[in-house]
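Colleague:
2 protein chains.
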Amino acid sequence: MPEIAVTIDRASPVPLYHQLAEQLTAAIDSGRLKPGDPFENELALADRLELSRPTVRRAIAELVGRGLLVRRRGVGTTVASQVIHRRDELTSLYDDMVRKGQKPRTTVVSLDTDVVDAVASEALGLPADTPLVSLVRLRSVDDVPAALMHNWLPPQFADLTEGDLADASLYAVLRSRGAHPVIAHQTIGARRPTARERKLLGLAAGDPLLTMSRRAYSAKGEAVEYGDHCYRYDQYAFDVTVHDR
Amino acid sequence: MPEIAVTIDRASPVPLYHQLAEQLTAAIDSGRLKPGDPFENELALADRLELSRPTVRRAIAELVGRGLLVRRRGVGTTVASQVIHRRDELTSLYDDMVRKGQKPRTTVVSLDTDVVDAVASEALGLPADTPLVSLVRLRSVDDVPAALMHNWLPPQFADLTEGDLADASLYAVLRSRGAHPVIAHQTIGARRPTARERKLLGLAAGDPLLTMSRRAYSAKGEAVEYGDHCYRYDQYAFDVTVHDR
DNA sequence: CTCTTGCAAATGTCCTAACAAATGTTGACA
DNA sequence: TGTCAACATTTGTTAGGACATTTGCAAGAG
Numbered sequence: 001m002p003e004i005a006v007t008i009d010r011a012s013p014v015p016l017y018h019q020l021a022e023q024l025t026a027a028i029d030s031g032r033l034k035p036g037d038p039f040e041n042e043l044a045l046a047d048r049l050e051l052s053r054p055t056v057r058r059a060i061a062e063l064v065g066r067g068l069l070v071r072r073r074g075v076g077t078t079v080a081s082q083v084i085h086r087r088d089e090l091t092s093l094y095d096d097m098v099r100k101g102q103k104p105r106t107t108v109v110s111l112d113t114d115v116v117d118a119v120a121s122e123a124l125g126l127p128a129d130t131p132l133v134s135l136v137r138l139r140s141v142d143d144v145p146a147a148l149m150h151n152w153l154p155p156q157f158a159d160l161t162e163g164d165l166a167d168a169s170l171y172a173v174l175r176s177r178g179a180h181p182v183i184a185h186q187t188i189g190a191r192r193p194t195a196r197e198r199k200l201l202g203l204a205a206g207d208p209l210l211t212m213s214r215r216a217y218s219a220k221g222e223a224v225e226y227g228d229h230c231y232r233y234d235q236y237a238f239d240v241t242v243h244d245r
Numbered sequence: 001m002p003e004i005a006v007t008i009d010r011a012s013p014v015p016l017y018h019q020l021a022e023q024l025t026a027a028i029d030s031g032r033l034k035p036g037d038p039f040e041n042e043l044a045l046a047d048r049l050e051l052s053r054p055t056v057r058r059a060i061a062e063l064v065g066r067g068l069l070v071r072r073r074g075v076g077t078t079v080a081s082q083v084i085h086r087r088d089e090l091t092s093l094y095d096d097m098v099r100k101g102q103k104p105r106t107t108v109v110s111l112d113t114d115v116v117d118a119v120a121s122e123a124l125g126l127p128a129d130t131p132l133v134s135l136v137r138l139r140s141v142d143d144v145p146a147a148l149m150h151n152w153l154p155p156q157f158a159d160l161t162e163g164d165l166a167d168a169s170l171y172a173v174l175r176s177r178g179a180h181p182v183i184a185h186q187t188i189g190a191r192r193p194t195a196r197e198r199k200l201l202g203l204a205a206g207d208p209l210l211t212m213s214r215r216a217y218s219a220k221g222e223a224v225e226y227g228d229h230c231y232r233y234d235q236y237a238f239d240v241t242v243h244d245r
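From first to last, the protein sequence lines stand for chains A and B. Numbering (UniProt numbering) for the first sequence: 1 to 245. Numbering (UniProt numbering) for the second sequence: 1 to 245.
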């Protein structure tokens with residue numbers, strides 16, 4: 001049983017259990033702890049690091065929740081197998097491209113306030129005649145158009161300018177103004193493009209469109225954003241990891 | 001602030017925190033606690049039920065994790081809005097249709113053993129020349145073709161017959177034979193259909209295709225299934241709920 | 001040699017206790 | 001009247017202990 005080197009900084013504002021969890025995660029991700037390895041038991045770990053058992057347990061629970069560790073009563077804790085090492089998450093080809101170093105460019109096609117849209121209002125849980133902010137952006141990668149994104153925001157964002165959206169992502173802007181989307185419901189589908197979409201995205205005749213509509217909510221349950229996005233089928237795909245209880 | 005009636009049975013083998021969590025969940029689901037309602041604070045709840053604060057906290061944490069409650073330091077805990085009441089999950093229009101009482105019909109188009117497919121083998125983590133089971137099914141709803149599903153299974157399922165697949169779902173069959181998929185990685189995209197797909201799904205010229213490929217793994221990390229599915233864009237869509245941490 | 005019992009080790013549950021940090025409110029003071 | 005500091009409230013973190021439950025293994029009984 002390998003002893004993982006862990007340094008705890010009690011002066012840090014980061015909770016001890018989280019510091020521990022982070023370093024244990026790193027130990028597994030880096031391969032210092034391999035799948036199947038027995039994990040140092042709670043008591044020994046608490047003793048060695050001079051932490052209380054609840055604190056150690058909480059850190060371990062965090063990793064168990066993410067599927068990195070498996071606990072069995074009476075037996076011990078072991079490092080889980082590799083493929084399970086991902087939590088439910090949804091990423092897109094776009095995220096992957098950014099990670100790979102390609103730099104997407106986003107241009108604002110239109111930004112209007114006081115737009116009335118019954119569907120969007122309904123999605124945002126607002127009266128149908130609420131004046132909304134309508135934002136249309138085009139995203140390109142290496143000068144190839146990849147996505148056409150139409151977003152609707154509640155009226156408190158009526159003072160947004162194109163400049164605000166030049167550099168930052170929409171979510172970063174929303175967050176900086178106190179709107180924190182914490183949950184989103186997305187629907188992914190496909191359809192034929194409209195003539196306008198075909199033109200903006202540079203699609204050939206018969207090319208399909210990948211679509212995603214999203215409703216994002218704050219922790220308080222207030223709708224923060226409604227979006228209707230179209231993607232070039234050859235530029236985008238969605239990756240989803242699903243757990244089965 | 002409504003006092004929720006809770007009865008705790010200390011003689012039960014069910015942990016106290018779980019008993020409490022269950023009853024609080026029921027209170028919310030049944031509507032006795034409505035979204036936005038302030039939630040009895042931890043200390044009061046612990047006092048009233050004669051439980052320790054950690055126990056109460058653990059129960060509340062369970063509901064917070066499921067998105068039923070929202071905690072804010074210095075403010076209190078409130079019942080989350082209705083829309084948040086769902087955990088990360090991925091459903092499809094198909095599931096919705098079943099739930100609404102429509103009954104889809106699945107027919108086996110082909111079932112072959114000893115099929116060699118490099119892509120599928122790679123996805124299953126097997127040598128490229130492994131003889132796989134290739135299964136193609138067509139799913140219809142009200143006699144309208146909706147999905148064409150191509151699945152590859154590892155060789156231990158070579159004795160599967162069409163009869164096995166007549167009534168049960170593929171996952172039910174896999175499970176009954178000891179293969180328990182617990183995690184799956186899915187990729188959702190769109191593309192133009194091939195001539196064969198167009199014919200089988202009854203697509204018009206220019207109709208797009210919604211696609212989903214899936215790799216499913218057992219708890220031990222062994223690949224259980226690889227699937228390549230095509231859906232009619234007007235019959236299917238994927239709903240995904242994403243949390244942001 | 002096999003089965004059972006008992007023990008040790010590990011995680012699971014539950015408690016008391018204290019202090020820290022964030023938030024909204026209230027009241028004093030300019 | 002307006003502003004800011006102190007305070008009460010509530011959740012967040014950490015500690016330390018006691019006992020329960022499960023599991024694997026080894027020693028002893030048959």
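In this text, a Cβ means the ideal position worked out from N, Cα and C, and glycines have one as well. Every value quoted in this text rests on a predicted model; they were computed, and no experiment measured them.
For B:Val173, which residues from the same chain have a beta carbon less than 6 angstroms from its beta carbon, with the 5 sequence-adjacent residues on both sides left out?
Modeller: The sequence position of residue 173 of chain B within the second sequence is 173, counting from 1. Answer for B:Val173: Asp164, listed in chain order.
Colleague: For A:Leu16 versus A:Thr55, is the C-beta spacing smaller than 7 angstroms?
Modeller: Mapped onto the first sequence, residue 16 of chain A falls at position 16. Mapped onto the first sequence, residue 55 of chain A falls at position 55. In contact: A:Leu16 and A:Thr55 (Cβ atoms closer than 7 angstroms).
Colleague: Three-state secondary structure (DSSP) at A:Leu203?
Modeller: One-based indexing of the first sequence puts residue 203 of chain A at position 203. In this structure, A:Leu203 counts as coil in the three-state DSSP scheme.
Colleague: Would you mind reading off the limits of the beta strand (DSSP E) that contains B:Tyr226?
Modeller: For this step, residue 226 of chain B is matched to residue 226 along the second sequence. Per DSSP, B:Tyr226 belongs to the beta strand (DSSP E) from 223–232.
Colleague: Hey, quick one: how far does the alpha helix (DSSP H) through B:Ser121 stretch, first residue to last?
Modeller: Counted from its first residue, the second sequence places residue 121 of chain B at position 121. Where B:Ser121 is concerned, the enclosing alpha helix (DSSP H) stretches over 118–124.
Colleague: Counting only beta-carbon atoms, is B:Val240 nearer than 7 angstroms to chain A?
Modeller: Numbered from its first residue, the second sequence carries residue 240 of chain B at position 240. At least one chain A Cβ lies under 7 angstroms of B:Val240.
Colleague: With the cut-off set at 7 angstroms, would you say A:Leu184 and A:Arg214 are in Cβ contact?
Modeller: Position 184 of the first sequence, counting from 1, holds the residue named residue 184 of chain A. Position 214 of the first sequence, counting from 1, holds the residue named residue 214 of chain A. One detail in the question is off: residue 184 of chain A reads as Ala in this sequence, not Leu. Yes.
Colleague: Could you tell me whether the Cβ of B:Gly189 comes closer than 7 angstroms to any Cβ of chain A?
Modeller: Position 189 of the second sequence, counted from the start, is the residue given in the question as residue 189 of chain B. Answer yes: the Cβ-Cβ gap between B:Gly189 and chain A drops below 7 angstroms somewhere.
Colleague: Could you tell me the distance, in whole angstroms, from the CA atom of B:Ala27 to the CA atom of B:Leu33?
Modeller: Stepping through the second sequence from its first residue, residue 27 of chain B is reached at position 27. Stepping through the second sequence from its first residue, residue 33 of chain B is reached at position 33. Those two C-alpha atoms are separated by around 6 angstroms.
Colleague: Can you find at least 3 beta carbon pairs, one from the segment 153–164 of chain B and one from the segment 108–124 of chain B, that sit closer than 8 angstroms?
Modeller: Taking 8 angstroms as the limit for Cβ pairs, the verdict is that the segment 108–124 of chain B does touch the segment 153–164 of chain B.
Colleague: Following the continuous alpha helix (DSSP H) through B:Thr161, name the residue where it begins and the one where it ends.
Modeller: For this step, residue 161 of chain B is matched to residue 161 along the second sequence. Premise fails: B:Thr161 is in no alpha helix (DSSP H) and is neither H nor E.
Colleague: Would you verify that the beta carbon of B:Ala61 is, or is not, closer than 7 angstroms to some beta carbon of chain A?
Modeller: Your numbering for residue 61 of chain B matches position 61 in the second sequence. No, its Cβ sits nowhere closer than 7 angstroms to a Cβ of chain A.
Colleague: Exposed or buried, which one is A:Gly36 when buried takes at least 16 other CB atoms within 10 Å?
Modeller: For this step, residue 36 of chain A is matched to residue 36 along the first sequence. That one is exposed.
Colleague: Cβ of A:Leu49 within 7 angstroms of Cβ of A:Ile8?
Modeller: Numbered from its first residue, the first sequence carries residue 49 of chain A at position 49. Numbered from its first residue, the first sequence carries residue 8 of chain A at position 8. Yes, they are a contact pair.
Colleague: Under 6 angstroms Cβ to Cβ from A:Arg58, same chain only, skipping five residues before and after it: list those, please.
Modeller: Residue numbering aside, residue 58 of chain A sits at position 58 when the first sequence is read from its first letter. Tyr17, listed in sequence order.
Colleague: Rounded to whole angstroms, what is the Cα-Cα separation between A:Ala80 and A:Ala21?
Modeller: Along the first sequence, read from residue 1 onward, the residue named residue 80 of chain A stands at position 80. Along the first sequence, read from residue 1 onward, the residue named residue 21 of chain A stands at position 21. Rounded to the nearest angstrom, the two C-alpha atoms are 15 angstroms apart.
Colleague: Using a C-beta to C-beta distance shorter than 7 angstroms, which residues of chain B count as neighbours of A:Arg198?
Modeller: Counted from its first residue, the first sequence places residue 198 of chain A at position 198. Chain B residues near A:Arg198: none, gap ~11 angstroms exceeds 7 angstroms.
Colleague: Using only alpha-carbon positions, find the residue among B:Thr106, B:Glu222, B:Gly206 that is nearest to B:Ala147.
Modeller: On the second sequence, position 147 is the one that residue 147 of chain B refers to. Nearest of B:Thr106, B:Glu222, B:Gly206 to B:Ala147, Cα basis: B:Thr106.
Colleague: Helix, strand or coil, according to DSSP, for B:Gly76 in the structure here?
Modeller: Taking the first residue of the second sequence as position 1, residue 76 of chain B is located at position 76. Of the three classes helix, strand and coil, the one that applies to B:Gly76 here is strand, per DSSP.
Colleague: Helix, strand or coil: how does DSSP classify B:Thr113 here?
Modeller: Start at 1 with the first residue of the second sequence, and residue 113 of chain B comes out as number 113. Three-state DSSP puts B:Thr113 in a strand.
Colleague: Counting pairs of Cβ atoms below 8 angstroms between the segment 118–134 of chain A and the segment 201–212 of chain A, do you hit three or more?
Modeller: Judged by Cβ distances under 8 angstroms, the segment 118–134 of chain A makes no contact with the segment 201–212 of chain A, as fewer than three pairs qualify.
Colleague: Can you tell me whether B:Glu225 is buried or exposed, with buried defined as 16 or more other CB within 10 angstroms of its CB?
Modeller: As a working mapping, residue 225 of chain B is identified with position 225 in the second sequence. Looking at its Cβ environment, which holds 16 or more other Cβ atoms inside 10 Å, B:Glu225 is buried.
Colleague: Output yes or no for whether 7 angstroms exceeds the beta carbon distance between B:Ala118 and B:Trp152.
Modeller: Taking the first residue of the second sequence as position 1, residue 118 of chain B is located at position 118. Taking the first residue of the second sequence as position 1, residue 152 of chain B is located at position 152. No, these two residues do not count as a Cβ contact at 7 angstroms.
Colleague: Among the candidates A:Leu63, A:Asp239, A:Leu68, A:Val75, whose CA atom is the shortest distance from the CA of A:Asn41?
Modeller: Walking along the first sequence from the start, residue 41 of chain A turns up at place 41. Nearest C-alpha to A:Asn41: A:Val75.
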